[in-house]
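Residue numbers (the working numbering), protein chains in the order written: chain A, 1 to 316; chain B, 1001 to 1161.
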């Protein structure tokens, strides 16, 4: 969870009554279901970052876009609230999905210039993470603070609960990051990886159960007597602030943690640390798995070699 | 203790479940030729046995019409998930025949290490034939699309179907 979210939300470890959210949902849905004005909004909270083709969308204090060496231009943020999370899909260029601090999802079809609400049916609580299904670009997942994982199959026009939050260390845990990972689960679909305040988890997109990341598909967890393959998980107990899977190479994952930026080349079984600067958000280029950008304590940084070397983002 | 409660409640509802499940099967009118289990065609006798076993052992949690427990996507206070539906609204049809068999015989924790579930392992309660029969019965209630998808998942898992 990013800094601002931490300041505006109660502790993730506190179980928030679902009934409280249901009570507020009706009122919230009524408000956020209204068309969002296209004028400039108060602020984009962030930090969040995403590629839109070669361009970058960044939410940190303000919402901005960079299409190359020309620097950043400030965009009008959704009026419904600040942006906590961003997601894009290469098959839907210029479509930006934003999870909002005030609850609900906003969607732009023009690269982030104009926004409309896509929140009908969603509980009125902060959308801490969003991702677009890798194999179905009109399917969007949204993680709702204090509630669970919601799914839309029509680009946010309608939503349904997909799964409750994961149960980790004797409590439900909010999702702080989401990534659709286009790798077969063995159950007819692909994986959704998620970050929590305690680390990484994942669920098949049939939503049978949250489970740890293990080698092989879900049912290979049975192991069948074979020697256990080597594993190097992310540091235990660290909040995952950002998580992405490279569309061009789905086994390549990047995670933004307080301890830095981490990379996995095998879909999350073995991780290696690629920087030690506090990382708040991360994005990977849609066609180049080695091209990664991150919002860190030192600003926006970029790597063109899979995280081996980092520089301040040239276009900044 | 938990297993005792489950079994006791299963007996209590078995008569109602059997009637309801029987009515559903008649309504669905699925040909046994459309249903296989672990690569073998399922007979009407297997489905009838499975229907009876389901009513006695499964319906108390998974529902007399395979509808699952109410609000099954929301976690229970103990952190476990309610019993999901076995009809097309659930995720049972996303698992291969062998995985369904293993989960029923060993319990979910026997397949996914460390996973805690209220569902007991039925390996000491039901025979392999009874487990296969109840799964054949469940499969016989699915619409064609779900059966086709599950058949592909089963084929990829190495069972054929």
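The beta-carbon is built from N, C-alpha and C at its ideal position, and this holds for glycine as well.
Just to confirm before moving on: does the CB-CB distance between residue i and residue j stay below 9 Å?
i, j, result
"residue 46 of chain A", "residue 84 of chain A", "yes"
"residue 1084 of chain B", "residue 1062 of chain B", "yes"
"residue 294 of chain A", "residue 282 of chain A", "yes"
"residue 242 of chain A", "residue 289 of chain A", "no"
"residue 239 of chain A", "residue 197 of chain A", "yes"
"residue 1086 of chain B", "residue 1153 of chain B", "no"
"residue 1079 of chain B", "residue 171 of chain A", "yes"
"residue 401 of chain A", "residue 111 of chain A", "Absent from the model: residue 401 of chain A. The displayed extent of chain A is 1 to 316, so no value can be given."
"residue 233 of chain A", "residue 203 of chain A", "no"
"residue 1102 of chain B", "residue 1038 of chain B", "no"
"residue 247 of chain A", "residue 69 of chain A", "no"
"residue 178 of chain A", "residue 130 of chain A", "yes"
"residue 272 of chain A", "residue 259 of chain A", "no"
"residue 145 of chain A", "residue 125 of chain A", "yes"
"residue 1075 of chain B", "residue 205 of chain A", "no"
"residue 1137 of chain B", "residue 1049 of chain B", "yes"
"residue 143 of chain A", "residue 82 of chain A", "no"
"residue 108 of chain A", "residue 156 of chain A", "no"
"residue 52 of chain A", "residue 65 of chain A", "yes"
"residue 301 of chain A", "residue 308 of chain A", "no"
"residue 245 of chain A", "residue 284 of chain A", "yes"
"residue 277 of chain A", "residue 298 of chain A", "yes"
According to DSSP, is residue i part of a helix, a strand, or is it coil?
i, result
"residue 1111 of chain B", "coil"
"residue 251 of chain A", "strand"
"residue 155 of chain A", "coil"
"residue 1125 of chain B", "coil"
"residue 1103 of chain B", "helix"
"residue 230 of chain A", "coil"
"residue 198 of chain A", "coil"
"residue 257 of chain A", "strand"
"residue 162 of chain A", "strand"
"residue 221 of chain A", "Caution is warranted here: a pLDDT of 48 is assigned to residue 221 of chain A, below 50, making its placement in the model unreliable, and no coordinate value can be reported."
"residue 1211 of chain B", "No answer is possible for residue 1211 of chain B: it lies beyond the span of chain B, which begins at 1001 and ends at 1161."
"residue 1065 of chain B", "coil"
"residue 1153 of chain B", "helix"
"residue 134 of chain A", "coil"
"residue 1034 of chain B", "helix"
"residue 34 of chain A", "Low per-residue confidence applies at residue 34 of chain A: pLDDT is 34, beneath 50, and the placement is therefore not dependable, though the value from the model is reported in the following sentence. Residue 34 of chain A falls in the coil class under three-state DSSP."
"residue 170 of chain A", "coil"
"residue 236 of chain A", "coil"
"residue 1049 of chain B", "helix"
"residue 214 of chain A", "coil"
"residue 1132 of chain B", "helix"
"residue 125 of chain A", "coil"
"residue 1018 of chain B", "At residue 1018 of chain B the pLDDT is 44, less than 50, meaning the model places this residue with poor confidence and gives no usable figure here."
"residue 1060 of chain B", "helix"
"residue 1145 of chain B", "helix"
"residue 285 of chain A", "coil"
Which residues does DSSP list as the beta-bridge partners of residue i?
i, result
"residue 268 of chain A", "Per DSSP, none; premise fails for residue 268 of chain A."
"residue 302 of chain A", "A/293 and A/311"
"residue 107 of chain A", "A/97 and A/116"
"residue 84 of chain A", "Residue 84 of chain A pairs with nothing; no bridge assigned."
"residue 279 of chain A", "A/296"
"residue 1080 of chain B", "Bridge partners of residue 1080 of chain B: none, in fact."
"residue 1093 of chain B", "According to DSSP, residue 1093 of chain B bridges with nothing at all."
"residue 204 of chain A", "A/191"
"residue 74 of chain A", "A/64"
"residue 141 of chain A", "A/131 and A/151"
"residue 178 of chain A", "A/194"
Would you say residue i lies against chain E (beta-carbon separation less than 9 Å)?
i, result
"residue 172 of chain A", "This model lacks chain E altogether, as its protein chains are A and B."
Would you call the stretch 127 to 141 of chain A and the stretch 170 to 183 of chain A in contact, with 3 or more CB pairs under 8 Å? Two segments are said to touch when three or more pairs of C-beta atoms, one from each, lie closer than 8 Å; by this definition the stretch 127 to 141 of chain A touches the stretch 170 to 183 of chain A.
Taking only beta carbons into account, state which residues of the stretch 95 to 117 of chain A come closer than 7 Å to chain B, listed in chain order. Those would be none; no residue qualifies.
Interface residues of the stretch 1116 to 1132 of chain B facing chain A [CB-CB below 7 Å]: Against chain A - using a Cβ distance shorter than 7 Å - the stretch 1116 to 1132 of chain B contributes no residues.
If contact means a Cβ-Cβ distance below 7 Å, which residues of the stretch 1049 to 1076 of chain B contact chain A? Those would be 1073, 1074 and 1075, in chain order.
Contact set between the stretch 1135 to 1158 of chain B and chain A, restricted to residues whose Cβ is under 9 Å from the partner: Answer set for the stretch 1135 to 1158 of chain B: 1149, 1150, 1152, 1153, 1156 and 1157.
Return the residues of the stretch 228 to 246 of chain A that lie within a Cβ-Cβ distance of less than 9 Å from chain B, sorted by chain order. The stretch 228 to 246 of chain A vs chain B, Cβ under 9 Å: nothing.
Residues of the stretch 189 to 211 of chain A whose Cβ lies closer than 8 Å to any Cβ of chain B, in chain order: Of all residues in the stretch 189 to 211 of chain A, the ones placed with a Cβ closer than 8 Å to any Cβ belonging to chain B are 189, 204, 206, 207, 208, 209 and 211, in chain order.
Residues of the stretch 149 to 163 of chain A with a CB closer than 7 Å to any CB of chain B: list them in chain order, please. Within the stretch 149 to 163 of chain A, the qualifying residues are 161 and 163.
Cβ-based contacts, 9 Å cut-off: residues of the stretch 73 to 91 of chain A near chain B: Within the stretch 73 to 91 of chain A, no residue places its CB atom closer than 9 Å to a CB of chain B.
Quick one: any contact between the stretch 1130 to 1150 of chain B and the stretch 1049 to 1060 of chain B, if contact means 3 or more CB pairs under 8 Å? Output reads yes: the stretch 1049 to 1060 of chain B touches the stretch 1130 to 1150 of chain B.
Residues of the stretch 1082 to 1095 of chain B in Cβ contact with chain A at a cutoff of 7 Å, in chain order, please. Taking 7 Å as the cut-off between beta carbons, the residues of the stretch 1082 to 1095 of chain B near chain A are 1091, 1094 and 1095, in sequence order.
With 8 Å as the C-beta to C-beta threshold (strictly closer), list the residues of the stretch 245 to 276 of chain A near chain B in chain order. Of all residues in the stretch 245 to 276 of chain A, none has a Cβ within less than 8 Å of some Cβ in chain B.
Scan the stretch 174 to 186 of chain A for residues whose Cβ lies nearer than 7 Å to a Cβ of chain B and list them as they occur along the chain. Those residues of the stretch 174 to 186 of chain A placed with their C-beta closer than 7 Å to a C-beta in chain B are 186, ordered along the chain.
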